[in-house]
Each structure stands twice: as C-alpha cells, then as structure tokens.
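Participant:
Residue numbers (this note's numbering): 161 to 440.
So, in structure tokens, the structure goes:
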C-alpha cells in the first residue's frame, strides 16, 4: 500500500506530464498549415492549383474537346420561315464581330484577282459580297450560297440594290453547296463550317466545285476548352486541329494558316484541291 506522500508525488508527476503534452499539442497545431490535420482518407474540397495551372483546372468542367456531330437544331433558326434578316444583319455586321472588323484583312489574305470565280458558302447576310464583287471585277464571278430561304431572299434584294451584277445566288442543301463541277477558283467558308451537319458530304461537294488547284479558305472559331467562352464551347463542334484533319481527309492539301490582325477568337486556314500532277 502506497503512503500518502508517495501518492501525492504520483499525482503531481502525472499533472506535470499532462500540462507538457498539452503545450506540445498546441505548438504542433499552431505550426501545421490549415487542413494538415485532416485524416488521410479526407480530400480537400477545393484543391490548391498553382497560378500557372489555373487553365488546366478550368478544363475539368469544360465540354469535351470535340464532338462527332453538331449541336441539335443548330440550323433551326436559319431554316425557319419566320427568320427576320434585319435582326441577323444587326448581329452579323457589327464591329464587335471579328470577321466584320477584319473583313479587309481577310480579303487581302484570300488573294483574289480580276476574273476570279469565288463561292461564298454560308453567305449569311451577304457581308462579303460587295467586297468580293469589286475584287474579281466584271470579268469575275461571285456565288452567294446559303441554306436559309429567308437569307437567300435578303441576299437577292441586296444584290439588286447594290447592283452587284457579277453575283449569282444559290440556295444550298444540307449535303451540297450545289456548285457546278470545277466552276470556281476559291470557296470561302466563314463562321459556317461548324454549322455543317454533314461535313464529309459538304466537303466533297465543295471539292467537286473547285477547279484543280483551287483554294478553300476556311474561317471559323478557335475552340479551346478552358480558354474559349462557354457559348463557343457549346456551339462549335470541333477545334482547329480536328477541322484541319477533316478537310485533309476529304482530299484537300493543307497550305497554311494566315494570321489576321483583328482575329482573336477566329482562325484563317487555306487548303487546296490537288492538281492531277500533285496527286500522282
């Protein structure tokens, strides 16, 4: 049996030990960064990402890089008999739209000559028609091609009002631009490729309409997950690399990408229909 003195000494020793342990625990808690006390099975709700990797984190919730098909009903508005061309004129032909602000740079980059024949596939409101008409001159030909009946009517009125006598208007189909075989030197597709619901067939149609050695100029939105606007990621089916591969797979030769000063969300790609000698 312990004496009273030894019992008191034991309690005192125990009390001192507890105090020291508490001090050490408090010191450890103060030193450790917030969240270090979590168990190994717990995961932080918001992982810390270095500032130079913020873009990588943003891609986690972004749509997939590319889609095999265009969004459903992407052309529904344009095929509607209730479409109001004047509303689209206000949306398409404004300085905040890159292909409008950079139209003169685009014209220079295409490289039209007097007597050239060019098809504007997806002509829309006819933004480029007057510029094309002047570049190719009286001896040249411009084909305004669009799938929208209401926009076709608008283009016809515009051509007449502006006296664009070298412009012809063609209503296209989902799978065909309806160009005569080997009839044009250039095909211009501006912010329209992502609307092609049957892009392999449409590309074959365009290729057939180009003369051997003729050029396909393709302008579209640069779709970059984690960088591009949400609207663009949802609306545009494929990124630039995929588009390039699809066009080459359709029998075109890639020529170059041209930098347009006014372009930040758009790109300009040039392709060529091979000549007989280049295909050998």
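Glycine included, C-beta positions come from ideal geometry on N, C-alpha and C.
#1: Since residue 303 is in the beta strand (DSSP E), which residue starts that stretch and which ends it?
#2: Can you tell me whether residue 330 is buried or exposed, with buried defined as 16 or more other CB within 10 angstroms of its CB?
#3: Excluding the 5 residues flanking residue 253 on each side, which residues of the same chain have their C-beta closer than 7 Å to its C-beta?
#4: Write down the C-beta distance between residue 408 and residue 378 rounded to the nearest angstrom, noting that I regard them as a contact closer than 8 Å.
#5: Secondary structure at residue 202, three-state DSSP: helix, strand or coil?
#6: What do you get for residue 424, buried or exposed, if any count of 16 or more other CB atoms within 10 angstroms of its CB means buried?
#7: Return the chain-ordered ranges of every beta strand (DSSP E) run that is complete within the segment 385–434 and spans a minimum of 3 residues.
#8: Kindly provide the ranges of any alpha helix (DSSP H) runs that are 4 or more residues long and lie completely inside the segment 307–335, ordered along the chain.
#9: Between the C-alpha atoms of residue 267 and residue 419, what's the straight-line distance to the nearest angstrom?
#10: Helix, strand or coil, according to DSSP, for residue 372 in the structure here?
#11: What residues match up with residue 278 in a beta bridge as DSSP calls it?
#12: By alpha-carbon positions, which one of 272, 250, 281 ends up nearest to residue 367?
#13: Which first and last residues belong to the alpha helix (DSSP H) in which residue 290 is found?
#14: Residues bridged to residue 239 by DSSP?
#15: Starting from residue 283, trace the alpha helix (DSSP H) both ways and give me its first and last residue.
#16: Is it buried or exposed for residue 216, if we count other Cβ within 10 angstroms and need 16 for buried?
#17: Which same chain residues end up closer than 8 Å to residue 192 when comparing Cβ atoms and leaving out the 5 residues on each side of it in sequence?
#18: Given a cut-off of 8 Å on the beta-carbon distance, is the pair residue 305 and residue 326 in contact?
#19: May I ask you to report which of helix, strand or coil DSSP gives residue 356?
#20: Can you check which of these residues, 353, 375, 369, 315, is closest to residue 346 by C-alpha distance?
#21: Could you tell me the alpha carbon to alpha carbon distance between residue 250 and residue 244, rounded to whole angstroms?
#22: May I have the straight-line CA-CA distance separating residue 247 from residue 317, to the nearest angstrom?
#23: Residue 249 by DSSP, collapsed to three states: which one?
#24: What does residue 381 pair with, by DSSP beta-bridge criteria?
#25: Note the first and the last residue of the continuous alpha helix (DSSP H) segment covering residue 264.
#26: If you run the structure through DSSP and keep just helix, strand and coil, what is residue 443?
#27: Let me know the secondary structure DSSP gives residue 337 once reduced to three states.
Facilitator: With the given structure in hand:
#1: In the chain shown, residue 303 corresponds to position 143, counting from 1. First-last of the beta strand (DSSP E) with residue 303: 301–306.
#2: Position 170 of the chain shown, counted from the first residue, corresponds to residue 330. A buried status is given to residue 330, since no fewer than 16 other beta-carbon atoms sit within 10 Å of its beta-carbon.
#3: Within the chain shown, numbered from 1, the residue matching residue 253 stands at position 93. Hits under 7 Å: 260, 285, 287.
#4: To locate residue 408, count along the chain shown from 1; it is residue 248. To locate residue 378, count along the chain shown from 1; it is residue 218. Not confirmed; about 12 Å, so no contact.
#5: Taking the first residue of the chain shown as position 1, residue 202 is located at position 42. Residue placement at residue 202 is poorly supported in this model, since its pLDDT is 34, which falls under 50; the coordinates are not used for a value here.
#6: Indexing the chain shown from 1 puts residue 424 at position 264. Label assigned to residue 424: exposed.
#7: 413–418, 426–432
#8: 309–321
#9: Here the question's residue 267 lines up with position 107 in the chain shown. Here the question's residue 419 lines up with position 259 in the chain shown. Computed Cα separation, rounded: 13 Å.
#10: As a working mapping, residue 372 is identified with position 212 in the chain shown. In this structure, residue 372 counts as strand in the three-state DSSP scheme.
#11: Along the chain shown, read from residue 1 onward, the residue named residue 278 stands at position 118. BP columns for residue 278 point to 302, 346.
#12: Residue 367 sits at position 207 when you count from the first residue of the chain shown. Answer by Cα proximity: 281.
#13: Taking the chain shown and counting its residues from 1, one reaches residue 290 at position 130. Note, residue 290: alpha helix (DSSP H), 289–296.
#14: Here residue 239 refers to the residue found at position 79 when the chain shown is read from its first residue. Its beta-bridge partners do not exist; DSSP assigns none.
#15: The residue labelled residue 283 in the question sits at position 123 within the chain shown. Per DSSP, residue 283 belongs to no alpha helix (DSSP H) and is neither H nor E.
#16: In the chain shown, counting from the first residue as 1, residue 216 sits at position 56. For residue 216, the predicted structure reports a pLDDT of 32, less than 50, and the residue's modelled location is therefore unreliable. A value from the coordinates is still provided. Classification of residue 216: exposed, given that the 10 Å Cβ count is below 16.
#17: Residue 192 sits at position 32 when you count from the first residue of the chain shown. Because residue 192 carries a pLDDT of 38, less than 50, the predicted location of this residue cannot be relied on, and the following value inherits that uncertainty. None.
#18: Translated into positions along the chain shown, residue 305 becomes position 145. Translated into positions along the chain shown, residue 326 becomes position 166. No.
#19: Counted from its first residue, the chain shown places residue 356 at position 196. Residue 356 falls in the coil class under three-state DSSP.
#20: Within the chain shown, the letter at position 186 stands for residue 346. That would be 375, whose Cα lies nearest to the Cα of residue 346.
#21: The count along the chain shown starts at 1 and reaches residue 250 at position 90. The count along the chain shown starts at 1 and reaches residue 244 at position 84. Computed Cα separation, rounded: 11 Å.
#22: By 1-based counting over the chain shown, the position of residue 247 is 87. By 1-based counting over the chain shown, the position of residue 317 is 157. Near 16 Å, if we compare the C-alpha coordinates of residue 317 and residue 247.
#23: Here residue 249 is taken as the residue at index 89 of the chain shown, counted from 1. Helix, per DSSP.
#24: By one-based count along the chain shown, residue 381 stands at place 221. Looking at the DSSP assignment, residue 381 forms a beta bridge with 426.
#25: In the chain shown, residue 264 corresponds to position 104, counting from 1. Residue 264 -> alpha helix (DSSP H) spans 263–270.
#26: It is not possible to answer for residue 443, since the shown part of the chain is limited to 161 through 440.
#27: Position 177 of the chain shown, counted from the first residue, corresponds to residue 337. DSSP places residue 337 in the coil class of the three-state scheme, outside both helix and strand.
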